[in-house]
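S.K.:
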Amino acid sequence: MALNHTALPQDERLPHYLREEDPFASKLSWEADIVAGFYLTIIGILSTFGNGYVLYMSSRRKKKLRPAEIMTINLAVCDLGISVVGKPFTIISCFCHRWVFGWIGCRWYGWAGFFFGCGSLITMTAVSLDRYLKICYLSYGVWLKRKHAYIGLAVIWAYASFWTTMPLVGLGDYAPEPFGTSCTLDWWLAQASVGGQVFILNILFFCLLLPTAVIVFSYVKIIAKVKSSSKEVAHFDSRIHSSHVLEMKLTKVAMLICAGFLIAWIPYAVVSVWSAFGKPDSIPIQSVVPTLLAKSAAMYNPIIYQVIDYKFACCQTGGLKATKKKSLEDFRLHTVTTVRKSSAVLEIHQESSSRFTSTHVMDGETHN
Numbered sequence: 001m002a003l004n005h006t007a008l009p010q011d012e013r014l015p016h017y018l019r020e021e022d023p024f025a026s027k028l029s030w031e032a033d034i035v036a037g038f039y040l041t042i043i044g045i046l047s048t049f050g051n052g053y054v055l056y057m058s059s060r061r062k063k064k065l066r067p068a069e070i071m072t073i074n075l076a077v078c079d080l081g082i083s084v085v086g087k088p089f090t091i092i093s094c095f096c097h098r099w100v101f102g103w104i105g106c107r108w109y110g111w112a113g114f115f116f117g118c119g120s121l122i123t124m125t126a127v128s129l130d131r132y133l134k135i136c137y138l139s140y141g142v143w144l145k146r147k148h149a150y151i152g153l154a155v156i157w158a159y160a161s162f163w164t165t166m167p168l169v170g171l172g173d174y175a176p177e178p179f180g181t182s183c184t185l186d187w188w189l190a191q192a193s194v195g196g197q198v199f200i201l202n203i204l205f206f207c208l209l210l211p212t213a214v215i216v217f218s219y220v221k222i223i224a225k226v227k228s229s230s231k232e233v234a235h236f237d238s239r240i241h242s243s244h245v246l247e248m249k250l251t252k253v254a255m256l257i258c259a260g261f262l263i264a265w266i267p268y269a270v271v272s273v274w275s276a277f278g279k280p281d282s283i284p285i286q287s288v289v290p291t292l293l294a295k296s297a298a299m300y301n302p303i304i305y306q307v308i309d310y311k312f313a314c315c316q317t318g319g320l321k322a323t324k325k326k327s328l329e330d331f332r333l334h335t336v337t338t339v340r341k342s343s344a345v346l347e348i349h350q351e352s353s354s355r356f357t358s359t360h361v362m363d364g365e366t367h368n
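Residue numbers (UniProt numbering): 1 to 368.
1) How about Phe217 and Ala160: do their beta carbons lie closer than 8 Å?
2) Taking the alpha carbon of Ala276 as the point to measure from, which residue in Val198, Leu256, Pro23 and Asp22 has its own alpha carbon closest?
3) Measure the C-alpha to C-alpha separation of Val226 and Lys249 and round it to an integer number of angstroms.
4) Please work out which residues of its chain come closer than 7 Å, Cβ to Cβ, to Tyr132, disregarding the five sequence neighbours upstream and downstream, and give them in chain order.
5) Identify the continuous beta strand (DSSP E) that holds Leu185 and give its terminal residues.
6) Just checking my contact of Ile266 with Asn301 at CB under 8 Å: how many whole Å lie between their CB atoms?
7) Around the C-beta of Ala254, are 16 or more other C-beta atoms found within 10 angstroms, so that it is buried, or is it exposed?
8) Should Thr201 and Ala269 be called a contact, given that it needs their Cβ atoms to be closer than 8 Å?
9) Val216 by DSSP, collapsed to three states: which one?
10) Identify the continuous alpha helix (DSSP H) that holds residue 383 and give its terminal residues.
11) Do you know offhand how far Phe54's Cα is from Ala175's?
12) By how many angstroms is the C-alpha of Leu185 removed from the C-alpha of Ala192?
13) Looking only at its own chain, which residues have a Cβ that is under 8 Å from the Cβ of Val85, when we skip the five neighbours before and after it?
14) Can you have a look at Glu177 and say buried or exposed, based on whether 16 or more other CB atoms are within 10 angstroms of its CB?
15) Mapping DSSP to helix, strand and coil, what is Pro178?
16) Rounded to the nearest angstrom, what separates Gly50 and Val194 at their Cα positions?
17) Using DSSP with H/G/I as helix, E/B as strand and the rest coil, what is Ala192?
18) To the nearest angstrom, how far is it from the Cα of Tyr140 to the Cα of Ile215?
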């Protein structure tokens, strides 16, 4: 990756896009941009079809969706939004070797990426809390219904809208990234003023650190609870056990999605913090790698859904057959018992009738 820009001899504390003649020119080599463009194209196609498939399959059973599954659908919406609204801008810019959409396009792209990314993280936070209540506090878990999931969705989108719109109304801004072909939050505002530092610190706390802390806390508690109660669940009624297995399946899906999201985004978050509080010209051009890794997060969520669903279906097949077999045997037993009882009643009735007839005949003969 070659560095191809010429810096102006200005204040070294200025952000890169103010110290360069053309902040939208790519700082990568042509070859690196082509590779990045093809990589993002593949990621975009896979994530679009994968998340579209998740939404299609969910729409076929929308009346049977559990609250956690409704949140999972919201994740697919966020991932699809990132793929459809955001990725084409970067792909085109990579193949053009520069950002071609100007400052308006830069702010739109930065807003869309932050909006759907923040929506994904807050959705995963809500899912982790739902799993925590379902597994660790059964009474609260029973209380949570579909309507609460829809209320949660409204809160999630309002939360994401609030933080992502603030830069558009003067509290912050969106700016090109150091390598030139993508845009993000203007992390460099933390270098400019105390107000910029306060804004960036609020973004880091409310849109990264706090949600991540809630997610980690929830799943640590869940793991501890599962280890302590796994033996007790084995002795429960089969219906309760099956419900517990389904809840654990949803929990595994949520844990894997959260882990994948954090693995993809934490390197990018580290670079962002470095950009905010380090020297503006100290960010290496290789920071494009964490950016590309973060953009892959939308692709593998559908893969996680399918892998967990396949394993769950394989595990449930035997249990389902056994349940059907047991139900059939119970039905047969009930039928045979009913028939036998009916036959016995009929035999008693016939015997009583015979005795009654014989008694009347004998009485008649005696009378005569």
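We put the beta carbon where it would ideally sit given N, CA and C, even for glycine.
M.R.: For this structure:
1) The answer is no: Cβ separation not under 8 Å.
2) Out of Val198, Leu256, Pro23 and Asp22, the CA that lies nearest to the CA of Ala276 is found in Val198.
3) If you take the alpha carbons of Val226 and Lys249, they lie about 13 Å apart.
4) Excluding residues within five positions, the ones whose Cβ falls inside 7 Å are Ser218, Lys221 and Ile222.
5) Annotation for Leu185: the continuous beta strand (DSSP E) segment containing it runs Cys183 to Leu185.
6) Not quite, the Cβ-Cβ distance comes to about 17 Å (not below 8 Å), so this is no contact.
7) The residue is buried, with at least 16 neighbouring Cβ atoms inside 10 Å.
8) Note that residue 201 corresponds to Leu in the displayed sequence, not to Thr. Contact: no.
9) Val216 falls in the helix class under three-state DSSP.
10) The displayed coordinates of the chain run from 1 to 368. Any statement about residue 383 would go beyond what the structure contains.
11) The residue asked about is misnamed: residue 54 is Val in this sequence, not Phe. Take the alpha-carbon of Val54 and the one of Ala175: they are about 33 Å apart.
12) Rounded to whole angstroms, Ala192 to Leu185 spans 14 Å at the Cα level.
13) Here the set comprises Ala112 and Phe116.
14) Buried: at least 16 other Cβ atoms inside 10 Å.
15) Per DSSP, reduced to three states, the secondary structure at Pro178 is coil, with no helix or strand assignment.
16) Distance between the alpha carbons of Gly50 and Val194: 43 Å.
17) Ala192 falls in the coil class under three-state DSSP.
18) Their Cα atoms are separated by approximately 18 Å.
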